[in-house]
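Heads up: the protein sequence lines correspond to chains A and B, in order. Under the numbering used here, read the first sequence as residues 1 to 263, first letter to last. Under the numbering used here, read the second sequence as residues 1001 to 1439, first letter to last. What follows is a single structure, written as structure tokens, with notes after it.
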Amino acid sequence: MSTVPRFGHGSRVPGWDDAVDLEKDPIEVPDPATTPVPDDLRAEIKSHLAKYPDPRSAALPALAAAQRRHGWCSPEAIAQVATVMRLTPAYLSAVATFYDMFHTEPVGLHKVYVCTNISCSLNGADALYERLADAAHGDEDLHVQHFECLGACDIAPMASVDGVYVGPMELDDVPKLLDDLAAGRPPLPEKQLRRRFSADPGANSRQFEPGPQNQPIIAAGTGGTPKPPIAFGAPMPGDEDRSDQPAPVEQAPDPPEDDEERA
Amino acid sequence: MTEHLLFKDIDEPGLSTLDVYRRRGGYESLRKALAMEPAAVLEQLSASGLRGRGGAGFAMGKKASFLPKGSMDKYLCCNADESEPGTFKDRELMQKSPHMLIEGMIIAAYAAGINRAFVYIRGEYAEQADVLDQAVAEAEAAGYIGENILGSDLSLSLVIHRGAGAYICGEETALLDSLEGKRGNPRLKPPFPANQGLYQGPTLINNVETLATVPHIIAMGGEAYAELGTETSTGTKLVSVSGNVQRPGNYEIELGTPSREIIYGLAGGPPEGREVLLWFPGGSSSPVLTKDDLDLPYDFDTMAKAGTMLGSGAIIVVDDSNTVVDVALKVAKFYRHESCGKCSPCREGTNWTVKMIERMRSGEATPMDLDIMASVQTNIIGHCLCVLGDAMAMPIGSMVEKFRPEFEAYIEERRRSGERDLGSSDLVDPPLQVLQGAR
């Protein structure tokens, strides 16, 4: 979000409210002939378009796909989406700036969202965020952002690391998390949300021994290690291999050796 | 032990797969429902007295019956945007038992004559969306979704739609706009979504937990379900307990369970030596209650009578090691960030409230500011298209009302010490930061 430039005493620098150039022609729907779109991105957007009665509904998934490919919603990424969806870049920019998960400025490869909403901050999330932000300072691969409630107050304080929820985090976990990310390992495997049983004493959790073979999600065929997040993660080397697949819906689980390639 | 419906098998390894879910009796309710007339299914839902689990608590059967009859395209939207601070019940349900939600959606679609269904899941729930995608693919392959489901004349498509991080998209009309590929701004009501919703067609919008309860109602019968809970708040409810408690998590309770039993019995209460200062009974949008209210039964009507609401069933406990002003600031900042900016009372009111509380912290406030702040809250309530502004005004108003002496003492103490602690500079908006630097 760009802010109005101000003097040290608080007044706005003159010219802040100058109108845009009204003589200039508006940017129209880009010409497919002059805006090349990578084939796999085009195929993914087309598959999203086919899912909805009104193709415009695919704006969010299409922007997400472009962001995954480009790292952020750059003007180029938005132009490519606009070309395939036949919408103006202005419309898509308006959508992209509304949502917190679309980045309209360049960000690091790994996106770490730290929840600093009420339940997490009661459990020390503000200190956690500061520690993480300090540790990531100067590291261009890391994007640390404080976020509103991520819906995991049971593991407060928590963070979403490339879409994988980890918590409860202690300040000492920060170096390990950064090591895991730098080495391309799954972040804090023993603190991942997916490994937790329900807290409810009336649930059937007590019948099962905690262990890798009994983890609720891992049993779904993902091979025991988290697969790269499909929706909003950093682009992974394996992504290109899936280019002929229509959409995340139909994607088969990643082969196990995929994880080693991820470094 | 409370009757468990939603959480009975929740930790079964592999419950998210079709095989295990079917072994646990999954999709039997769907067969049972398809053997009945749609009107009879609707009648069961009405008889169950099931009230919406997303926040408003509107009767689910009634809402479904508002949809017009006829053969136009009708839509079912499952609201999985779960962004209310303190709420995480739908996350656990979708992650561990996605087929329960899908089965509930198919039955609800059958009852209301719907042919297109969507799940609007918040973008942050990437793992859960993947689980749902996989479950939908399995259900499609098994013939539970598609043309002529199980030989009946019901046809249904189901799409998992990922949001991209906006609290307001949990509001039903903003959700529809977002699903149509626009900015998530709320719409003017009426027309209500039941008449003109998604793509201007009749639309039924329900929360994840509401829809996941539907198979259980069909299995046990609406009247048997209505015997659980209290007379006007029937059934069981997932409660997300978080904040300063020893065992935070989701608990399935019968509505009407005493609040103390939930906060102290199930969740273990605040850490040793501390006491409850205040608690939110239904997410951060609900007016707060104090430790004197701990013996109230936890159901829709008792909470309404106590001046608050059950909301999404998210109990946030704040203990006495915190000050009420800090809690108020957190709450106000959240709503300032999430206000979509469409209606002035909400856009300006949330911003003013944050600034006034920040003034209290910097020692520049006077007790008169409390009255101004309270009047800002009353000027927001009921004056906007949606209830986001109200969702800040109600808890802040209730905090000022119930903790006025604490606020006054805090203002006085900060004024005397002349302390200018404006919090972490990262959490303050840049223009304000520049101003502070200049002062």
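Backbone N, C-alpha and C fix where the C-beta goes; we use that ideal spot for every residue, glycine too.
Opening and closing residue of the alpha helix (DSSP H) in which residue i lies
| i | result |
| --- | --- |
| residue 1348 of chain B | 1344-1361 |
| residue 1141 of chain B | 1126-1141 |
| residue 1028 of chain B | 1028-1034 |
| residue 1218 of chain B | 1208-1220 |
| residue 1374 of chain B | 1368-1380 |
| residue 1103 of chain B | 1098-1112 |
| residue 1300 of chain B | 1300-1305 |
Interface flag, residue i vs chain B, CB-CB below 8 Å
| i | result |
| --- | --- |
| residue 19 of chain A | no |
| residue 239 of chain A | Confidence in residue 239 of chain A is poor, its pLDDT being 46 and thus under 50, which makes the residue's placement unreliable; the coordinate value appears in the next sentence. By this cut-off, residue 239 of chain A is not an interface position. |
| residue 202 of chain A | yes |
| residue 224 of chain A | At residue 224 of chain A the pLDDT is 32, less than 50, meaning the model places this residue with poor confidence; the figure from the coordinates comes in the next sentence. No, its Cβ sits nowhere closer than 8 Å to a Cβ of chain B. |
| residue 164 of chain A | yes |
| residue 109 of chain A | no |
| residue 31 of chain A | no |
| residue 153 of chain A | yes |
| residue 16 of chain A | no |
| residue 60 of chain A | yes |
| residue 73 of chain A | no |
| residue 118 of chain A | yes |
| residue 169 of chain A | no |
Member of the options whose CA lies at the smallest distance from the CA of residue i
| i | options | result |
| --- | --- | --- |
| residue 1004 of chain B | B/1250, B/1231 and B/1121 | B/1250 |
| residue 1210 of chain B | B/1033, B/1199 and B/1090 | B/1090 |
| residue 187 of chain A | A/175, A/198, A/197 and A/196 | A/175 |
| residue 1131 of chain B | B/1096, B/1124, B/1100 and B/1103 | B/1096 |
| residue 1297 of chain B | B/1231, B/1332 and B/1351 | B/1231 |
| residue 1081 of chain B | B/1160, B/1029, B/1008 and B/1330 | B/1160 |
| residue 1304 of chain B | B/1316, B/1320 and B/1287 | B/1287 |
| residue 1051 of chain B | B/1402, B/1229 and B/1031 | B/1229 |
| residue 1191 of chain B | B/1077, B/1072 and B/1201 | B/1201 |
| residue 1153 of chain B | B/1184, B/1309 and B/1113 | B/1113 |
| residue 1088 of chain B | B/1128, B/1056, B/1100 and B/1322 | B/1128 |
| residue 1108 of chain B | B/1046, B/1092, B/1072 and B/1124 | B/1046 |
| residue 1348 of chain B | B/1325, B/1393, B/1328 and B/1093 | B/1393 |
| residue 77 of chain A | A/113, A/114 and A/38 | A/38 |
| residue 1037 of chain B | B/1309, B/1315, B/1258 and B/1218 | B/1218 |
| residue 1299 of chain B | B/1034, B/1378 and B/1253 | B/1253 |
| residue 1197 of chain B | B/1118, B/1146 and B/1247 | B/1118 |
| residue 108 of chain A | A/7, A/85 and A/140 | A/140 |
| residue 1373 of chain B | B/1188, B/1404, B/1137 and B/1384 | B/1404 |
| residue 1215 of chain B | B/1134, B/1386 and B/1027 | B/1027 |
| residue 1174 of chain B | B/1318, B/1062, B/1199 and B/1151 | B/1199 |
| residue 1053 of chain B | B/1029, B/1376, B/1309 and B/1384 | B/1309 |
| residue 91 of chain A | B/1049, B/1183, B/1193 and B/1067 | B/1183 |
| residue 146 of chain A | A/138, A/113 and A/173 | A/113 |
| residue 1075 of chain B | B/1331, B/1008, B/1179 and B/1328 | B/1179 |
| residue 85 of chain A | A/159, A/158 and A/41 | A/41 |
Where the beta strand (DSSP E) containing residue i begins and where it ends
| i | result |
| --- | --- |
| residue 99 of chain A | Note, residue 99 of chain A: premise wrong, no beta strand (DSSP E); not H, not E. |
| residue 181 of chain A | Residue 181 of chain A -> not in any beta strand (DSSP E); alpha helix (DSSP H) instead, spanning 173-183. |
| residue 143 of chain A | 142-147 |
Beta-bridge partners of residue i, as assigned by DSSP
| i | result |
| --- | --- |
| residue 192 of chain A | A/166 |
| residue 1051 of chain B | B/1059 |
| residue 265 of chain A | Lying before the first or after the last residue shown, residue 265 of chain A is absent from chain A, which here runs from 1 to 263. |
| residue 1279 of chain B | B/1289 and B/1317 |
Beta-carbon separation (whole angstroms), residue i vs residue j, contact threshold 8 Å
| i | j | result |
| --- | --- | --- |
| residue 61 of chain A | residue 1162 of chain B | 6 Å |
| residue 1390 of chain B | residue 1382 of chain B | 7 Å |
| residue 1353 of chain B | residue 1396 of chain B | 6 Å |
| residue 1239 of chain B | residue 1313 of chain B | 5 Å |
| residue 1350 of chain B | residue 1361 of chain B | That belief does not hold up - the Cβ atoms of residue 1350 of chain B and residue 1361 of chain B are roughly 17 Å apart, past 8 Å. |
| residue 1276 of chain B | residue 1319 of chain B | 6 Å |
Contact with chain A by residue i, beta-carbon distance below 8 Å
| i | result |
| --- | --- |
| residue 1203 of chain B | no |
| residue 1466 of chain B | There is simply no residue 1466 of chain B to check, as chain B begins at 1001 and stops at 1439 in what is shown. |
| residue 1197 of chain B | no |
| residue 1079 of chain B | no |
| residue 1055 of chain B | no |
| residue 1145 of chain B | no |
| residue 1085 of chain B | yes |
| residue 1041 of chain B | no |
| residue 1005 of chain B | no |
| residue 1357 of chain B | no |
| residue 1260 of chain B | no |
| residue 1181 of chain B | yes |
| residue 1389 of chain B | no |
heavy atom of the ligand FMN below 7 Å from residue i C-beta
| i | result |
| --- | --- |
| residue 57 of chain A | Of the ligands one can find in the structure shown there are none, so the ligand FMN has no counterpart to examine. |
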